[in-house]
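For reference, the structure is listed below as structure tokens.
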Amino acid sequence: MSQGNAYVLIWTTTPWTLPSNLAVCVGPDITYCAVRDKADGSIFLLAESRLSAYYKKADAYEIIKAYKGATLKGWCYEPLFPYFADHAGAFVFLNGDFVTTEDGTGVVHMAPAYGEDDFTACKDAGISLVDPLDSECRFTNLVPDYAGQFCKDADKAIIKRLKDEKKLVHQTTIVHSYPFCDRTDTPLIYRAIDAWYVRVEDLRDKLVKNNAVVHWVPSYVGEKRFDNWLKEAKDWNISRNRFWGSCIPVWIADDKSDMFCVGSIAELEKLSGQKVTDLHKHVIDQITITKNGKTYRRTPEVLDCWFESGSMPYAQWHYPFEHQNDFNKLFPADFIAEGLDQTRGWFYTLLVLGTALFDKSPFKNVVVNGMVLAEDGKKMSKRLKNYPDPMTVLKTYGADALRLYMIQSAAVRAEELRFSEAGVKDIVRRILLKWWNAYTFFVSYAVVDGWSQGNELTNSRAHERAMAENTNVIPAILRQAQDGERSRTKAGTQIERNLDSSLRWNDKSIHVSQNILDQWIISRLQTLLKTTEEEMEGYRLYNVVPALLNFIEDLTNIYIRFNRKRFWGEGMTDDKNGAYQTLYDVLYTLAQVMAPFTPFLAETMYHNLKVDDEVESVHLHDYPVSHSELINPDLEASVALVGRVILMGRNVRDQNNIKVKVPLKTLRIIHRDDNLHDRLRSLEGYIKDELNVRVVEYLTNEDDFVELTAKANGAVLGKRLGKKFAEVNKALQALDSQSLWKLEHGGRLEVVGETLTLQDVMVYRKPKPGHESIVSDAYVTVELDTTLEEEQIWEGLAREVVNRIQKLRKTADLKLSDRIQLEYHTNAEQIRSAITANEHYIKEQTLTVIMTSTADPKGQASEVCEVEGQTITVALRVVA
């Protein structure tokens, strides 16, 4: 290719770098072609796979010869511009693995001052860089035609010159990735500058070794992401050309023949003969040192701030000049935490300096957080305002809600979190409100019953009203707690004044009730404590918070819901006292458990429940420990199964459009193993109450109710079995229910010579004809008798009437203990019959002393209500 009309085609988005071109680079394994353009006879060299990008028609060019990129290495070419034509070793073809053919021509223009790959390739080839830009990115006199012009502004003039000199083949505008300042949107350039480095490449093996003993959470960050980064670690540029920063303490002789590092202020004072009181650049740079007849001046750079961050373990103690004992006791640190981006930041610099200085990691455990983004998935930006005002979120929902939202999110698993204000609101609704309601339930009924083992509780009406008000505005409660108003709320003041020390928790003698649900919630609490201990010990925060939230669900949706009748009963029985004591124990301990996660609300509850001589703050209290002797795994599993049965029963009701208020005759619990039935029988009463059924039957003949069928899981077995998949799938469809049931319960199947587990098979359950009111899964099958008689319908209507009366009591601001006289009127025959048939039940549930049907109901509170599409007017007044 010695012809005068032969050219190499290059492609660039930065024309301003072309005057600094010193080489071109080709991929060693890429095929290049010299082609003759049939239009003007010019010969062009470019990658074979890029020909179609420049020639729309194949007959527009003729291939002269093909070359592998490796054979082009060392070829020379004439420079585009004359400015550096005599530069030693320049204007040659180089090889580089970074060259691709995804765009461009497959040939890369190299300006080593303005690109990392360019710099490395030219350095390896012995080509020194040229940099014709000044500190403001304007061309210097090295490029006289553009001297004084800002580099980006010179693009148009450079393009015009290339066009005039017939060196421009094609010009277009494209959208592509380019570096910009995140804060100002100012375009940036890559530029090579002189810098100081730490020889990290010499430390790679030690870095990998020291990282291997660190406990990372999540583990994959340290074992994969960080480990891979360390294995490819490059020398670290630690200098910055800025004014502010820690001055690099290196003094260099004026003749560049020598340099040394100053190790302390005292040493600098001794060497310079000057008193040093200010270590900032504008002061230190005035200090010169004369040594062996030479004058030394400080190198002008300052340290990378990450070098300072990585020095934190030593700088915080002014080590080694002071506090050697303190440092030795606390190094390495037990625990650090930061964001995922710090695998290339703080985590990295800590480890590099710790390894270089002591050959050990400066931390033992590290928790890695994910990045918090705006809800649209973009980086949070003050300029774009793409996130809610944090102070507004705090004022609206409270700091506890925000804190709990964050620490139960994907961010604690080193994953991205798209921040959502609706998510914070959901934490209030789903968790904090339920926890607060459990607390108010306990205190409200304790005040009503005077539960203090002998001392009277006063002013229960004011207390109950305050609790109701606070419950309705739960975010306000959280904010009050956050502001330290723990005993200034009406509720808080009343609780603290009224509950005496006999009501308090005594950790030395844990209350154990004979009631099975009391035993269960205590067992759940101890299991929670055990889980918390184990997971916090392992720094696995993402496993702790879900356990806490599940416990609050169990406390409110099972323990309190199932036990309401125990608190509603007349008088103070041993069973009722046990219920109060158990719920108190749980709430007091839960406040301590929740303290690190919801510090303000936990503090409020703790203050209102603690014994007067207990420590002042929950955050000064020892974290509670588990009592393994109180953990009953079988009981916990049984209650979980009860919850499953109840949920399935409700699903059957929903499918048949029958409300829970309407009683049903029979619930059938069907399972092949009668041992499961035995676990449920002791809890049968709760199942009856929650599902409103009169009889529970236990059956083992599941095959009479449900048909099990199966298909092969194509996503799992398709690739594994290949052509045999269809044969296995057909065999699975022929299996009987007993075989599939065993598979569901941990067994294995041998099918056409293949061993299959439940992951390989999809099992389906279908009710048999005549048993449509069924819900079934691998754990249990339930069936409800959904036939209704008139008496059942009346009872359901009576429960609806009770519901309306209770709502009217709340609207009228009645105390829980207030008894009433009730008047009502309705033209609906069904409702009248329902009230007559269930009068005793209605009176008992609503604390009604006298109930009268009248044409014009009167009372201190009245309301026209709707019950199943019919109207009833009710009025009530409190009686002495």
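Sequential numbering of the sequence shown, starting at 497, is according to my numbering.
Using N, Cα and C, we set each Cβ at its ideal position, and we do this for glycine too.
Owing to the predicted nature of the structure, the values given are computational and were not obtained by experimental measurement.
Arginine 634 sits in a strand when the DSSP states are folded into three classes. Excluding its 5 nearest sequence neighbours in each direction, serine 1124 has C-beta neighbours in its own chain below 8 Å: Gln1022, Lys1026, listed in chain order.
Across the set Lys652, Gly835, Thr851, Lys569, the C-alpha of Thr851 shows the shortest separation from the C-alpha of proline 828. Glutamate 598 sits exposed, since fewer than 16 C-beta atoms from the chains shown fall within 10 Å of its C-beta. In the three-state reduction of the DSSP assignment, histidine 711 falls in the strand class.
In the three-state reduction of the DSSP assignment, threonine 1069 falls in the coil class.
Look at cysteine 743 here: in three-state DSSP terms it is strand.
Looking from the CA of alanine 918, the closest CA among Leu898, Gly1074, Leu1195, Thr596 belongs to Leu898. In this chain, leucine 900 is not harboured by any beta strand (DSSP E); it is covered by the alpha helix (DSSP H) spanning 895-903. The count of Cβ pairs closer than 8 Å, one atom from the region 527-535 and one from the region 546-560, reaches three, so the stretches are in contact. In the DSSP assignment, glutamate 1030 falls within the unbroken alpha helix (DSSP H) covering 1012-1033. Only exposed fits glycine 1242, as fewer than 16 other CB atoms lie within 10 angstroms of its CB. As computed with DSSP, threonine 682 is found in no beta bridge at all. For aspartate 830, the uninterrupted beta strand (DSSP E) segment begins and ends at 829-835. C-alpha of asparagine 1209 to C-alpha of aspartate 1232: approximately 18 Å in a straight line.
For serine 1272, the beta-bridge partners assigned by DSSP are Thr1277. Contact between glutamine 1088 and valine 1114 is confirmed by a C-beta separation of about 6 Å, below the 8 Å threshold.
Bounds of the beta strand (DSSP E) holding cysteine 1361 are 1357-1363. For tyrosine 1320, the enclosing beta strand (DSSP E) starts and ends at 1315-1321.
Here the alpha carbon of asparagine 1104 sits roughly 23 Å from the alpha carbon of serine 1313. With respect to the 9 Å criterion, tryptophan 512 and isoleucine 670 are not classified as neighbours on the basis of their beta carbons.
Counted as a single uninterrupted DSSP element, the beta strand (DSSP E) harbouring lysine 1262 occupies residues 1257-1263.
Counting C-beta atoms within 10 angstroms of its own C-beta, lysine 777 has 16 or more neighbours from the protein chains shown and is therefore classed as buried.
Under DSSP, methionine 1347 forms a beta bridge with Leu1318. With a minimum length of 3 residues, there is no unbroken run of beta strand (DSSP E) contained wholly in the region 1081-1162. Here glutamine 904 is not near proline 1092, since their CB atoms are 9 Å or more apart.
Assignment of beta strand (DSSP E) within the region 1279-1314, counting only whole runs of 3 or more residues, yields no such run.
Contact check for threonine 1052 and isoleucine 1154: beta-carbon distance about 25 Å, past the 8 Å limit, so the pair fails to qualify.
Within the model, the alpha-carbon separation for proline 1265 versus leucine 1284 is close to 20 Å.
When DSSP states are grouped into helix, strand and coil, methionine 606 belongs to the strand group. Distances from the alpha-carbon of threonine 1253 to those of Lys1238, Phe589, Val1192 put Lys1238 closest.
Under the Cβ criterion (8 Å, minimum of three pairs), the region 796-808 does not count as touching the region 750-767.
By the Cβ rule, the region 585-599 counts as touching the region 607-627, because three or more pairs are nearer than 8 Å. Between the alpha carbons of glutamine 1326 and aspartate 1352 lies a distance of about 19 Å.
Straight through space, the alpha carbons of isoleucine 923 and methionine 1032 are spaced by roughly 22 Å. With a threshold of 16 other beta carbon atoms within 10 Å, leucine 726 meets it and is buried.
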